[in-house]
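Colleague: Here the protein sequences come in this chain order: A and B. Sequence positions in the first sequence follow our numbering and run 995 to 1179. Sequence positions in the second sequence follow our numbering and run 791 to 1431. Attaching a single structure in structure tokens format; questions to follow.
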Amino acid sequence: MSQEKQILFEKDELGRTISRMAHEILEKAASPGDLVLIGIRSRGVYLARRIARKIRDISKITLPVGVIDVTPYRDDRAHDPDAKTAGALEAQVRVDDKTVVLIDDVIFRGRTIRAAMDAVARLGQPKRILVAALVDRGSRELPIRADVVGKNSDASQGERVNVMLEECDGVDQVSVTRWQSRSAV
Amino acid sequence: MRNLLSIADLTNDEIDEIFDLADGADKLRTDKSAADQIMATLFYEPSTRTRLSFESSMHRLGGAVISCSDMKASSAVKGESLADTARVVSSYADVMVVRHYWDGAVQAMAEHANVPVVNAGDGSREHPTQTLCDLYTLKKEKGELRGLTVVVCGDLKNGRTVHSLVFALARFGAHVVTLAANGMELPHYVLERLEREYGYSLAPVASDDLSGVVTETDALYLTPKQPHQLALFTQVDAAMQSRLNTMVSGLRYDAFYMTRKQKERMKEGTTGGTYPTIGPSFLKEHRFKDTVVMHPLPRVDELSPEVDKDRRGIYFKQAANGVPVRMALLKFLLNRRETKRIAGKRTASFYESPERLGPKCTNPNCVTVTEPASTRRRFELLSGGPGGALLLGCIYCNHRFKVQFVGHVKSKRYCAYDIALADTIRGWLKKDELAIFDSIKEAEELGYEPYKSGPQRTVMDEQEIQAAVREMSRQILRECQDPDRLLILGIRTKGSYLAQRIAGELAAQRRQKPEAGEIELYGAGDEMRRIFPDDEDAPALNLKDREIILVDDVIYTGRTVKSALSILFRSGRPQSVRLAVLIDRGHREVPVKPDYVGKHIPSSEKERVRVKLREAEHDEKDKVVIYSMISPAETQAETIA
């Protein structure tokens, strides 16, 4: 299906970008102690952990990292209790009066972030919510912005941005691939 | 002494206790458990089942029943207050069962009664004993409530039984799928409470008829929160949507709970649209072979007669269970006549006006409005509403509305509520020095003087506002994909005026009026309606695949827009939402960004930006003014010094 592949980031650049994002997040926070990072499952979580590590290196502060899952809760697994705990939220984070940074790999239409904001509201009342994304594809369908962006991409509607991370894909790479519309079949 | 006003008055253990008593109803009967006791029934609204089953229950317990056959023939017509009726009837009976057409009326009576009071339905609010019967029937049929999937369908907006039922199912850990008739979705406050108190999450799924459940439903799916897992169903993208459909088809439905169209509670001209019904085609579907069909009765035409003969139609059983359950409840309450009332099941801070005048509930059917003399004007004070608003929640009808003006009791000063005052006001509330007013007139009537705000300066005049609206409209038209799908939605109230102006501009530019509506974030918070109703019978606004332009006057923290987005996505599946604001003053607290801005006005947090529109202000021209807020705390210090 994929025809050509354009590389946005390789390993080294990805590391530098994450480092820059960590600095920007620190700059935007009134005090670093206020920050809570929340990764959006699943790649946002790995990114959140990497950013948290970077921030620890920079400022010696260990930030809490939470996880939000905005994928629909799959009902076919509802009667299997093991399946549920497998991807469970690892750390319940306190968000009241904190600056929450929602972290995702790609921000595109804005729908995930909107859903994530509702999910955060269920955890408590944060003072502020910021959004950090590794890649901003633009083409928003909702009035949502990203505050910290790793790289802007002008990938078109027919293209796909693939974020691969060592933690889950064995390699650090961000690429754009073109794919033919399936509806043509 | 205990009352049953809301299903929330009973703990899960107590509900189980009542069910155990109901299982032993025969024993309660032979024991004559309520011998020498009297139950009074006061029904201000017609009822057959509820009233007869209560009276039958009391007779079977060996007690006696007194009642007024028609409240219209009672002293209520002579103008006797609810409070007086409650006091008087208390001395005639040992327990009172009341149904009333005002929201919160039964609670008002309970406050003045000396005997337990049971709510048999108050306005469009709650009907807890029906809920007990429903839960009992479900439990009898299915064994356990936890883990059941119950579809509630039909009129979910006006049906009081449905609201009570959904909360109760949530408490017992059942899954709820809602299948609302068009425009009769669960009110926003019900959803909010489900989320806040029970950790339920939901997703829009869409349809008009039950056979469509599999492929597309207009329903919300709610599920109990898993320990340490946040599950959220939402519309994310096409792939996600198809997974959602798979999920819905994979569901095992344990029960369908049908409701009747509540014609008597609907406004004229809102009865259009289709209503879900259950008939032979439902019964033939294999996947519904173990699905029971419930209905609180009376029914109109939602259930076809075929269902009556089927083993799955259990609504007559459900009605029959009304007697053992109500016997159990009466026994339960009469047993507890000597126990002290459990106070403070809620922890929120209550506000009761220290002044003779104060805020009034904005729900016209609330007992505090219809008969203020029988009530105490007490409210829950909730901070952190959209836009940092301070909200009052009526404890009688649960209606919410915005605080308009605040005053300081000791210094007799008042000002309009502003988010910048939040901390100061919390301090006043702690010391009982907070007065809340609905209007300046009220404050001045009590001799309050305004806090002086700093000098005003005009940052936009009439022409500039007009030019900005025109330019935004041009951009909107240029950037929209399909002008016929545009929906201009203003956030009430100033956003609505601007939305109308934008719609007017668009009409002038393309000679066709786009659809315009408004969204209400306060009150029940689920109101979305047309601004220009061309047709009285027009169905509710359809958001599906629309290009929505959300309009507000000023964007500041962004929280208002965030709340509006939440409501939009609960109500439908728009193709896109873009945001138009007249003024962007910065200081965002959530990641929301307007697409169209009339003017950027960088301002400090101590300043207030006010958009004045001729639609809202009397004899004033359009303008935008900015002034700095003098903190009431500072002026107080001055006067003391």
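All residues carry an ideal CB built from backbone N, CA and C; glycine is no exception. Predicted model, so just to flag it, every value in this text is computed and none were measured.
#1: Provide the residue span of the beta strand (DSSP E) that contains Y1043 of chain B, from first to last.
#2: Please compile the residues from chain B whose C-beta is within a distance smaller than 8 Å of the C-beta of E1135 of chain A.
#3: To the nearest angstrom, how far is it from the Cα of L1181 of chain B to the Cα of A1225 of chain B?
#4: Given a cut-off of 8 Å on the beta-carbon distance, is the pair D1044 of chain B and K932 of chain B in contact?
#5: Quick one: is H1085 of chain B buried, meaning 16 or more other Cβ sit within 10 Å of its Cβ, or exposed?
#6: State the DSSP-derived secondary structure class of Q1151 of chain A, mapped to helix, strand or coil.
#7: Roughly how many angstroms separate the alpha carbons of L842 of chain B and L1147 of chain B, rounded to a whole number?
#8: Helix, strand or coil: which one does DSSP assign to L1372 of chain B?
#9: What did DSSP end up calling L922 of chain B once you bin it into helix, strand or coil?
#10: Cα separation between Y1207 of chain B and D1213 of chain B?
#11: Could you work out which residues of chain B lie near D1141 of chain A, taking near to mean beta carbons separated by less than 7 Å?
#12: Could you check the C-alpha separation between N904 of chain B and S796 of chain B for me, to the nearest Å?
#13: Would you kindly report the start and end of the unbroken beta strand (DSSP E) that includes R1360 of chain B?
#14: If contact means a Cβ-Cβ distance below 9 Å, which residues of the stretch 1108 to 1132 of chain A contact chain B?
#15: Check for me: the beta strand (DSSP E) holding C1184 of chain B runs from which residue to which?
#16: Mind pulling the chain A residues with CB within less than 9 Å of V888 of chain B?
#17: Sorted by chain position, which residues of the same chain lie with C-beta nearer than 6 Å to A1042 of chain A's C-beta, five sequence neighbours on each side aside?
#18: Where does N1153 of chain B land, buried or exposed, given buried means 16+ other C-beta within 10 angstroms?
#19: Around the Cβ of I1055 of chain A, are there at least 16 other Cβ atoms within 10 angstroms (buried) or fewer (exposed)?
#20: Ordered along the chain, which non-local residues of its own chain (more than five positions away) have a Cβ less than 6 Å from that of D1100 of chain B?
#21: Between D874 of chain B and N1155 of chain B, what straight-line distance do the alpha-carbon atoms span, to the nearest angstrom?
#22: Compute the beta-carbon to beta-carbon distance between A958 of chain B and L925 of chain B, rounded to the nearest angstrom, for a pair I have assumed lies under 8 Å.
#23: By the DSSP assignment, the alpha helix (DSSP H) with A1016 of chain A in it spans what residues?
#24: With DSSP as the reference, label C1151 of chain B as helix, strand or coil.
#25: For M886 of chain B, write down the residues that DSSP places opposite it in a beta bridge.
#26: Count the other CB atoms, across all protein chains shown, that sit within 10 Å of the CB of C1162 of chain A; report buried if there are 16 or more and exposed otherwise.
#27: Please classify A898 of chain B as buried or exposed, where buried requires at least 16 neighbouring CB atoms within 10 angstroms.
#28: Going along chain B in order, which residues have a C-beta closer than 8 Å to the C-beta of I1138 of chain A?
#29: Span of the beta strand (DSSP E) holding V1344 of chain B?
#30: Against chain A, does E985 of chain B count as a neighbour if the rule is that its beta carbon must be under 8 Å from one of theirs?
#31: Spatial neighbours of D1130 of chain A within its chain, please: CB distance less than 6 Å, with the 5 preceding and 5 following residues excluded, ordered by chain position.
#32: Under the three-state reduction of DSSP, which class applies to A815 of chain B: helix, strand or coil?
#33: Is it buried or exposed for A1118 of chain B, if we count other Cβ within 10 angstroms and need 16 for buried?
#34: Going along chain A in order, which residues have a C-beta closer than 9 Å to the C-beta of L1355 of chain B?
#35: Please indicate yes or no: does the CB of P1304 of chain B lie closer than 7 Å to some heavy atom of the ligand ADP?
#36: Tell me whether S914 of chain B is buried or exposed, calling it buried when 16 or more other Cβ atoms sit within 10 Å of its Cβ.
Modeller: Result, derived from the coordinates:
#1: Against the second sequence, residue 1043 of chain B aligns to sequence position 253. That residue, Y1043 of chain B, is in no beta strand (DSSP E); it is neither H nor E in DSSP.
#2: Residue numbering aside, residue 1135 of chain A sits at position 141 when the first sequence is read from its first letter. The answer, in chain order, is Q1365, S1366, V1367.
#3: As a working mapping, residue 1181 of chain B is identified with position 391 in the second sequence. As a working mapping, residue 1225 of chain B is identified with position 435 in the second sequence. Taking the straight line from one Cα to the other gives about 14 Å.
#4: By 1-based counting over the second sequence, the position of residue 1044 of chain B is 254. By 1-based counting over the second sequence, the position of residue 932 of chain B is 142. The answer is yes: Cβ separation under 8 Å.
#5: For this step, residue 1085 of chain B is matched to residue 295 along the second sequence. Answer is buried; the Cβ neighbour count reaches 16.
#6: Locating residue 1151 of chain A in the first sequence gives position 157, counting from the first residue. Coil, per DSSP.
#7: The residue given as residue 842 of chain B occupies position 52 in the second sequence. The residue given as residue 1147 of chain B occupies position 357 in the second sequence. Roughly 43 Å separates the two Cα atoms.
#8: Position 582 of the second sequence, counted from the start, is the residue given in the question as residue 1372 of chain B. It is a strand residue.
#9: What you label residue 922 of chain B is simply residue 132 of the second sequence in a count that begins at 1. Of the three classes helix, strand and coil, the one that applies to L922 of chain B here is helix, per DSSP.
#10: In the second sequence, the residue the question calls residue 1207 of chain B occupies position 417. In the second sequence, the residue the question calls residue 1213 of chain B occupies position 423. Taking the straight line joining both Cα atoms gives about 12 Å.
#11: As a position in the first sequence, residue 1141 of chain A is number 147, starting the count at 1. By Cβ distance, chain B contributes P1381.
#12: Against the second sequence, residue 904 of chain B aligns to sequence position 114. Against the second sequence, residue 796 of chain B aligns to sequence position 6. If I take the Cα positions, the gap works out to 18 Å.
#13: Here residue 1360 of chain B refers to the residue found at position 570 when the second sequence is read from its first residue. Element bounds for R1360 of chain B: not the beta strand (DSSP E) but the alpha helix (DSSP H), 1349 to 1361.
#14: R1108, A1109, A1110, M1111, D1112, A1113, A1115, R1116, L1117, Q1119, P1120, K1121, R1122, I1123, L1124, V1125
#15: Position 394 of the second sequence, counting from 1, holds the residue named residue 1184 of chain B. Residues 1181 to 1184.
#16: As a first step, residue 888 of chain B is located in the second sequence; it is residue number 98 there, counting from the start. Those within 9 Å of V888 of chain B in chain A number zero; the least Cβ separation is about 36 Å.
#17: Taking the first sequence and counting its residues from 1, one reaches residue 1042 of chain A at position 48. Counting only Cβ-Cβ distances below 6 Å, and skipping sequence neighbours, we find L1031, G1033, V1059, I1097.
#18: Against the second sequence, residue 1153 of chain B aligns to sequence position 363. So N1153 of chain B ends up on the buried side.
#19: As a working note, residue 1055 of chain A is residue 61 in the first sequence. Per the 10 Å Cβ criterion, exposed.
#20: The sequence position of residue 1100 of chain B within the second sequence is 310, counting from 1. These residues qualify, in order along the chain: L1073.
#21: As a first step, residue 874 of chain B must be located in the second sequence, where it is residue number 84. As a first step, residue 1155 of chain B must be located in the second sequence, where it is residue number 365. The alpha-carbon atoms of D874 of chain B and N1155 of chain B are separated by roughly 20 Å.
#22: The residue you call residue 958 of chain B lines up with position 168 of the second sequence. The residue you call residue 925 of chain B lines up with position 135 of the second sequence. 6 Å between Cβ atoms; contact.
#23: By 1-based counting over the first sequence, the position of residue 1016 of chain A is 22. Counting along the chain, the alpha helix (DSSP H) containing A1016 of chain A begins and ends at 1005 to 1022.
#24: The residue labelled residue 1151 of chain B in the question sits at position 361 within the second sequence. C1151 of chain B falls in the coil class under three-state DSSP.
#25: Numbered from 1 along the second sequence, position 96 holds the residue referred to as residue 886 of chain B. In DSSP, M886 of chain B forms a bridge with B:A830, B:V907.
#26: By 1-based counting over the first sequence, the position of residue 1162 of chain A is 168. Under this definition C1162 of chain A is an exposed residue.
#27: The residue given as residue 898 of chain B occupies position 108 in the second sequence. Buried, since its Cβ has 16 or more Cβ neighbours within 10 Å.
#28: Here residue 1138 of chain A refers to the residue found at position 144 of the first sequence. Going along chain B in sequence order, the residues near I1138 of chain A (Cβ under 8 Å) are P1381, V1382, K1383.
#29: Looking up residue 1344 of chain B in the second sequence gives position 554. V1344 of chain B: member of the beta strand (DSSP E) spanning 1337 to 1345, first to last residue.
#30: The sequence position of residue 985 of chain B within the second sequence is 195, counting from 1. Interface residue, yes.
#31: Against the first sequence, residue 1130 of chain A aligns to sequence position 136. Contacts found: I1101, A1140, V1143, N1146.
#32: Position 25 of the second sequence, counted from the first residue, corresponds to residue 815 of chain B. Helix, per DSSP.
#33: In the second sequence, the residue the question calls residue 1118 of chain B occupies position 328. Buried, since its Cβ has 16 or more Cβ neighbours within 10 Å.
#34: Sequence index remark: in the second sequence, residue 1355 of chain B carries index 565 (1-based). Correct list: R1108, M1111, D1112, L1136, P1137, I1138.
#35: This structure simply doesn't include the ligand ADP, nor any ligand for that matter.
#36: Here residue 914 of chain B is taken as the residue at index 124 of the second sequence, counted from 1. Flag for S914 of chain B reads buried.
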